[in-house]
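Step one of this worksheet: look at the structure below.
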Amino acid sequence: MTTRVQHRATEVISRLLAYLVMAFALFITIFPIYWLAVNSFKLDIDIFAVPPVWFEFSPTLKHYDAAFIGQPFLIYALNSLIIAVTTTIVSLVFGTMAGYALARFDYPGRWRYQISFWILSTRMMPPIVTIIPLFIFFNFFGLLNTKLAVVVAYTAFNLPFVTWMMKSYFQDLPPELEEAAMVDGDTRWGAFLHVALPLARPGLAATAIFSLILAWNEFLLALILTQTERAMTLPVGISGRVTQYTTHWGEISAAGFLASVPIIIFALIVQRHLVRGLSFGAVKG
Amino acid sequence: MASVTFRNVVKKFGKFTAVMNLNLEVRDNEFLVLLGPSGCGKTTTMRMVAGLEEATSGDIYIDADRINGVLPKYRDVAMVFQSYALYPHLSVADNIGYPLKIRKVPPAECKRRIMEVARRVELDTLLSRLPKELSGGQRQRVALARAIVRTPRVFLMDEPLSNLDAKLRTQMRAELKHLQHELQVTTIYVTHDQIEAMTLAHRVAVMNNGVIEQLGTPREIYNDPRTLFVAGFIGSPPMNLIPGEVKNGVFASAGLRVGGIGRADVSRAVLGVRPEDVHVAGAGDADVNLLAPIYSVELTGESTLVSLRLGNQLMTLRADKNFAGQIDQQIGVKLAADRVFLFNEESRDRVDV
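Those sequence lines, one after another, are chains A and B.
Under our numbering, the residues of the first sequence are numbered 1191 to 1475, in order.
Under our numbering, the residues of the second sequence are numbered 423 to 775, in order.
In C-alpha cells form, the structure reads like this:
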C-alpha cells in the first residue's frame, strides 16, 4: 500500500516538474512577443516606466499611426511581401528541379556528390563576405535600390537550402513510383510533375516556410542594397527608426509586431504540412 | 502481340557486369519466366525491356523495332512492380486510369475501361479508395489492373506475387495464368520462386550470374537440367547432389555406389538424383545402391520425406506416405538408373551418363 502511494507521489511530482519546465520554456518564447505587442500600444511614458507597466495602461494606436501613416511602413511591408514571396517562388521552382535532378539522375563517377557539395559550399561563407562584390555587381547593372536586386540576392542564398531540402525529400520517395509512371506512358518530366511533386508536398511546404521566413527577416543584404522606399524592406525600415537623437520604441514595436503577424499566420496554416514534412525522412512510404 | 529479342545484350553497372552477353527470343504470346537467385540479372534484363535501364551494348527488339534508347512511353509495355508502385496520392480508379489519362483517352472511354478492368479483378467496389486503405492482395490487383487497362505489346512482371501470403499467392498465380491465356499478350515474368516458374511459364530461362544457364519448357528444365546450377535450383525439395568419382563406369562416393554410369572417367564428378527417383529397397533386396541410417522422417501429407546420412551430407528421398522407418534405422535404397544425372564439378556442366 505504501509503495503504491509513493509511486503515485513520484508520478505527480514528475508531472509537476514537466509542467514547470514547459511553463518556463513557454515564458521565454512568448514573453518577447508579448512585450513587443504591449509596447506597441503604450504611450512613450509607459514604455519607459520603472518599474515596468505589465498590464495596466491606457492603450493607444498612436504608434501605429506614426509608423504606417506618418512613416512609409506600409510600403516597406509591401516591399517585404513582394520580395519574400517572389524569392520563395523562384527558389522553390529552381531548387525543387535541381533537388530532383540531384536525387534521381545518373552522374558519372562522384559527380553527384561533387555538384551537391559545390551547391552547399556556397552557404559556407558568411553572406557579409559577398556584400561588396554584390554591391558592385548590382551597381554595374544599375539595379541598386530595386526589389529585383534583393530578390536575386536572396534567391542566390536560398537556392542551396531549397535544393538540399528537396533533394532529401525526393531521395526518400521510392523511385519505382516514377518508373511506373514512365512505363505507363509519361515522360520523366511528367512523372516528376504528376507523381514526385504531389508526393513531395509536405517537403515543399516546409521548405517554403523556411525560405519565406529567411527572406522576410533578412536584414544585412537589404540594408546595403536598398536605400529608399522603392525597395526597402521592413527590417531595414524598422532599424531606421533608431535615429541619431532618439529611438522610436513605440513605432519599432508597432511595425515589428505587425511584421511578425503574417509569418505566424502562414506558419499556422502550413503547420500540419510542416510537421509531416520535417518527419518525412523518418517514416518512409 | 509481340516478340521480344535480345541480341548480345550486356549490362554493366560500373565494373560489375549484371547481364553478360544475353541472347534470348521471347515469342509472340509467350509466358516467359526469368528465374534465378537474387542478383542474377533477371530484374535488370526486364528493366532493359521497360526502358528503365539502358543496355551497355547489344540490341533489344520488340518485334522488328530496335528499342535501345527509346523512351519507356514509346515502348508500349506495361509493368507490374514488386512493390506494386501504386500512386499513393491517387484513388484506385485514378491509379488504374493513369495510363489512359496520360495517353489522352477521352474521359468517358477512360471511365468505361476502368470499370471493365476493375470488374475483371474484382475491384469495382473499391474504386474511390486510396492505396493505403487496401489490403496487400487488393493492392496487387490494382497494380495488375493498371497494367491490363490498355493492351500493351508486352507485359513485364517483376516478382508480382512475392509480397502476398502463401494462400493468396497460390490463388493469384492461377488468376495470372488464366489472365495471360485470355489476353494473349507476350509476358516476361521475373521470379526467384521456382514453383511460380514451373506453374506459370511456357518457357523458363534460368539465370545465374548474369547468364542464362538453361532455356526450356518447365518440363525440360525439370527433367533435363543442363548444368549443376539448374539441377540444384529447380525442385522442392532440391535434387540430391553428391560429389564423388567416376572410374570404369562406376560412380563412387562415401557409402554410395552406382554402376553402369559415365562414358569416361571423371575425377571430380557430382551425381544428381531427385528425391522421388530414390526408392526404398525391399527387406531382402541385396542389389542396393546405398545402405545408410535414417537421419529424419518428415511426413508432408501426400508423401514422406526421408533423409539419410551419407558421409557428412544428407540424401533425401520421397517415400510412401505410410513409410514406417525410425531414425537411425539402417535402410537400403535404389536409384532409378535412367533418372540419374552426372555433372562435372569443375565445368559444372552435365556429363553424358
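For every residue, glycine included, the Cβ atom is placed at its ideal position computed from N, Cα and C.
A quick note: this is a predicted structure, and the numbers were derived from the prediction, not measured.
- At a cut-off of 8 angstroms between beta-carbon atoms, A1291 of chain A makes no contact with chain B.
- The Cβ atoms of V455 of chain B and Y611 of chain B lie closer than 8 angstroms to each other.
- In this structure W1406 of chain A is buried. Its beta-carbon is surrounded by 16 or more other beta-carbon atoms within 10 angstroms.
- Only buried fits D699 of chain B, as 16 or more other CB atoms lie within 10 angstroms of its CB.
- Flagged as an interface residue toward chain B: V1373 of chain A, by a C-beta distance shorter than 8 angstroms.
- Nearest CB-CB separation between S505 of chain B and chain A: below the 8 angstroms threshold.
- Here Q1417 of chain A is exposed: its Cβ has fewer than 16 other Cβ atoms, across all protein chains shown, within 10 Å.
- Excluding the 5 residues flanking it on each side, R449 of chain B has same chain C-beta neighbours closer than 6 angstroms at S425, in chain order.
- In this structure, I524 of chain B lies near G1375 of chain A, with their beta-carbon atoms less than 8 angstroms apart.
- Rounded to whole angstroms, the gap between the alpha carbons of R1420 of chain A and L1387 of chain A is 36 angstroms.
- For the segment 494 to 518 of chain B, the set of residues with a beta-carbon nearer than 7 angstroms to any beta-carbon of chain A comprises P494, K495, V499, A500, M501, F503, S505, A507, Y509, P510, H511, in chain order.
- Rounded to whole angstroms, the Cβ separation of I683 of chain B and V775 of chain B is 6 angstroms, and the two are in contact under 8 angstroms.
- Contact between S725 of chain B and R740 of chain B holds: CB atoms are separated by about 5 angstroms, below the 8 angstroms threshold.
- Close partners of R429 of chain B in chain A (Cβ separation under 7 angstroms) are lacking, with about 22 angstroms as the shortest Cβ gap.
- With a threshold of 16 other beta carbon atoms within 10 Å, K526 of chain B falls short and is exposed.
- Under a criterion of Cβ atoms nearer than 7 angstroms, the residues of chain A adjacent to P521 of chain B are, in order, D1374, G1375.
- Under the Cβ distance rule, R568 of chain B counts among the residues neighbouring chain A, one pair being separated by less than 8 angstroms.
- From the beta-carbon of A477 of chain B, no residue of chain A is found nearer than 9 angstroms; the closest lies around 14 angstroms away.
- The bridge partners DSSP lists for T1397 of chain A come to none.
- Counting along the chain, the unbroken alpha helix (DSSP H) around T466 of chain B starts and ends at 464 to 472.
- Shown here, T592 of chain B sits in a helix according to DSSP, grouped into three states.
- Secondary structure of P665 of chain B (DSSP, three-state): strand.
- DSSP places E618 of chain B within a helical segment (H, G or I) once states are collapsed to three.
- By the 16-neighbour rule on beta-carbons within 10 angstroms, D1296 of chain A is exposed.
- Across the structure, R625 of chain B and T1286 of chain A are spaced so that their CA atoms are roughly 46 angstroms apart.
- Residue A:F1351 holds the alpha-carbon nearest to the alpha-carbon of R1313 of chain A among A:F1238, A:F1351, A:L1404, A:F1214.
- The C-beta distance from G480 of chain B to N430 of chain B rounds to 4 angstroms, short enough to fall under 8 angstroms.
- When only Cα atoms are considered, A567 of chain B and V539 of chain B end up about 6 angstroms apart.
- Close partners of V1385 of chain A in chain B (Cβ separation under 7 angstroms): Y509.
- When Cβ-Cβ separations below 8 angstroms define contact, A472 of chain B makes contact with chain A.
- In this structure, R595 of chain B sits near L622 of chain B, with a CB-CB distance shorter than 8 angstroms.
- Inclusion of V628 of chain B and L457 of chain B in the CB contact set at 8 angstroms is warranted, their separation being smaller than that value.
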